[in-house]
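Counting the sequence shown from 1 gives a position; my numbering is that position plus 6.
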Amino acid sequence: MKWLGMAEAFGSPWAYSLRGWLAMLAPSMVVSVLHEAETPFPHFSLVLLSAVAQHCFAGLALLPFILLIRRRRSVLPLWAVFTSWTILGGARAVAGTAMVALFTDADINLPFRIVSWVLAAWAWMPLLSYAFGHNC
(Lines of atoms letter the chains of each structure in order from A and count residues from 1; the text may use other names and numbers.)
(Lines give C-alpha, C1' and ligand atoms only; values in the text may rest on other atoms or scores of the structure.)
Protein backbone atom coordinates (compact mmCIF):
# COMPACT_ATOMS: atom_id res chain seq x y z
CA MET A 1 0.00 0.00 0.00
CA LYS A 2 1.37 3.38 -0.95
CA TRP A 3 0.83 6.22 1.53
CA LEU A 4 -0.31 9.41 -0.13
CA GLY A 5 0.24 12.94 1.01
CA MET A 6 -2.79 15.22 1.23
CA ALA A 7 -1.94 17.15 -1.92
CA GLU A 8 -1.44 13.97 -3.93
CA ALA A 9 -4.66 12.38 -2.61
CA PHE A 10 -6.80 15.49 -3.10
CA GLY A 11 -5.43 16.67 -6.43
CA SER A 12 -4.13 13.55 -8.15
CA PRO A 13 -5.26 12.63 -11.64
CA TRP A 14 -7.43 9.71 -10.40
CA ALA A 15 -9.52 12.13 -8.29
CA TYR A 16 -10.54 14.11 -11.36
CA SER A 17 -11.11 11.28 -13.78
CA LEU A 18 -14.08 9.30 -15.02
CA ARG A 19 -13.08 6.53 -12.61
CA GLY A 20 -12.98 8.98 -9.69
CA TRP A 21 -16.30 10.51 -10.72
CA LEU A 22 -17.91 7.07 -10.87
CA ALA A 23 -16.36 6.11 -7.51
CA MET A 24 -18.06 9.13 -5.96
CA LEU A 25 -21.50 8.26 -7.36
CA ALA A 26 -22.68 6.02 -4.51
CA PRO A 27 -21.46 8.27 -1.66
CA SER A 28 -22.86 11.35 -3.38
CA MET A 29 -26.21 9.62 -3.85
CA VAL A 30 -26.38 8.95 -0.11
CA VAL A 31 -25.50 12.55 0.75
CA SER A 32 -28.01 13.88 -1.79
CA VAL A 33 -30.82 11.67 -0.50
CA LEU A 34 -30.08 12.77 3.07
CA HIS A 35 -29.95 16.41 1.93
CA GLU A 36 -33.38 16.10 0.30
CA ALA A 37 -34.97 14.15 3.19
CA GLU A 38 -37.29 17.01 4.14
CA THR A 39 -38.09 18.13 0.60
CA PRO A 40 -41.69 17.23 -0.28
CA PHE A 41 -41.05 15.42 -3.55
CA PRO A 42 -44.23 13.61 -4.67
CA HIS A 43 -42.34 10.32 -5.07
CA PHE A 44 -39.02 8.92 -3.79
CA SER A 45 -37.89 8.20 -7.35
CA LEU A 46 -37.67 11.97 -7.88
CA VAL A 47 -35.24 12.20 -4.95
CA LEU A 48 -33.07 9.59 -6.67
CA LEU A 49 -33.41 11.41 -9.99
CA SER A 50 -32.37 14.63 -8.25
CA ALA A 51 -29.32 12.88 -6.78
CA VAL A 52 -28.26 11.57 -10.20
CA ALA A 53 -28.91 14.97 -11.83
CA GLN A 54 -26.82 16.70 -9.17
CA HIS A 55 -23.93 14.27 -9.64
CA CYS A 56 -24.00 14.64 -13.43
CA PHE A 57 -24.35 18.43 -13.36
CA ALA A 58 -21.52 18.76 -10.82
CA GLY A 59 -19.25 16.66 -13.02
CA LEU A 60 -20.08 18.69 -16.11
CA ALA A 61 -19.67 22.01 -14.29
CA LEU A 62 -16.28 20.94 -12.96
CA LEU A 63 -14.92 19.58 -16.25
CA PRO A 64 -13.81 22.87 -17.89
CA PHE A 65 -12.00 24.01 -14.73
CA ILE A 66 -10.18 20.69 -14.35
CA LEU A 67 -9.21 20.56 -18.03
CA LEU A 68 -7.79 24.07 -17.78
CA ILE A 69 -5.74 23.36 -14.64
CA ARG A 70 -4.61 19.90 -15.85
CA ARG A 71 -2.91 21.49 -18.85
CA ARG A 72 -0.27 22.93 -16.51
CA ARG A 73 0.22 20.24 -13.83
CA SER A 74 -0.67 16.66 -13.10
CA VAL A 75 -1.44 17.17 -9.39
CA LEU A 76 -3.79 20.07 -8.66
CA PRO A 77 -2.53 22.69 -6.20
CA LEU A 78 -4.48 23.03 -2.97
CA TRP A 79 -6.18 26.28 -4.07
CA ALA A 80 -7.47 24.51 -7.20
CA VAL A 81 -8.70 21.56 -5.14
CA PHE A 82 -10.75 23.81 -2.84
CA THR A 83 -11.98 25.78 -5.85
CA SER A 84 -13.09 22.54 -7.50
CA TRP A 85 -14.91 21.44 -4.34
CA THR A 86 -16.61 24.85 -4.23
CA ILE A 87 -17.69 24.49 -7.87
CA LEU A 88 -18.89 20.98 -7.09
CA GLY A 89 -21.00 22.16 -4.15
CA GLY A 90 -22.41 25.13 -6.05
CA ALA A 91 -23.33 23.00 -9.04
CA ARG A 92 -25.07 20.45 -6.80
CA ALA A 93 -27.03 23.28 -5.17
CA VAL A 94 -28.16 24.66 -8.53
CA ALA A 95 -29.17 21.23 -9.86
CA GLY A 96 -31.00 20.36 -6.64
CA THR A 97 -32.76 23.71 -6.66
CA ALA A 98 -33.88 23.15 -10.24
CA MET A 99 -35.31 19.74 -9.33
CA VAL A 100 -37.17 21.18 -6.33
CA ALA A 101 -38.53 24.04 -8.46
CA LEU A 102 -39.66 21.63 -11.19
CA PHE A 103 -41.30 18.97 -9.04
CA THR A 104 -42.48 20.63 -5.82
CA ASP A 105 -43.99 23.85 -4.56
CA ALA A 106 -41.46 24.02 -1.69
CA ASP A 107 -39.28 27.04 -1.00
CA ILE A 108 -36.07 26.53 -2.96
CA ASN A 109 -33.86 28.68 -0.69
CA LEU A 110 -30.89 28.77 -3.08
CA PRO A 111 -28.48 30.62 -0.72
CA PHE A 112 -28.96 27.98 1.99
CA ARG A 113 -28.51 25.19 -0.57
CA ILE A 114 -25.28 26.72 -1.90
CA VAL A 115 -23.77 27.22 1.56
CA SER A 116 -24.80 23.77 2.79
CA TRP A 117 -23.54 21.98 -0.33
CA VAL A 118 -20.23 23.84 -0.37
CA LEU A 119 -19.66 23.08 3.32
CA ALA A 120 -20.65 19.45 2.73
CA ALA A 121 -18.22 19.22 -0.20
CA TRP A 122 -15.41 20.71 1.89
CA ALA A 123 -16.14 18.17 4.64
CA TRP A 124 -16.68 14.94 2.74
CA MET A 125 -14.52 15.35 -0.36
CA PRO A 126 -11.22 15.36 1.58
CA LEU A 127 -12.27 12.22 3.44
CA LEU A 128 -13.45 10.37 0.35
CA SER A 129 -10.55 11.57 -1.79
CA TYR A 130 -8.04 10.34 0.73
CA ALA A 131 -9.85 7.04 1.30
CA PHE A 132 -10.31 6.29 -2.40
CA GLY A 133 -6.83 7.55 -3.25
CA HIS A 134 -5.29 4.60 -1.45
CA ASN A 135 -7.34 2.12 -3.42
CA CYS A 136 -7.17 3.54 -6.92
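Don't be surprised by glycine CBs; every beta carbon is placed ideally from N, CA and C.
Short of 7 Å from the beta carbon of LEU31, and not among the five residues preceding or following it, lie these beta carbons of its own chain, in chain order: HIS61. In the three-state reduction of the DSSP assignment, MET30 falls in the coil class, being assigned neither a helical nor a strand state.
Spanning the alpha carbons of LEU55 and LEU125 requires a straight line of approximately 22 Å. In the structure shown, VAL81 adopts coil according to DSSP, grouped into three states.
For the alpha helix (DSSP H) assignment, the uninterrupted runs of no fewer than 4 residues enclosed by the segment 66-116 are, from N- to C-terminal side, 84-109.
Taking PHE47 as the centre and dropping the five residues before and after it, the same chain places the C-beta of VAL53, PHE109 and THR110 closer than 7 Å to its C-beta, in chain order. Judged by DSSP in its simplified three-state form, GLU42 adopts coil rather than helix or strand. Contact check for GLY26 against LEU82 fails: the beta carbons are separated by 8 Å or more. One thing to note: ALA67 has its Cβ no nearer than 8 Å to the Cβ of MET35.
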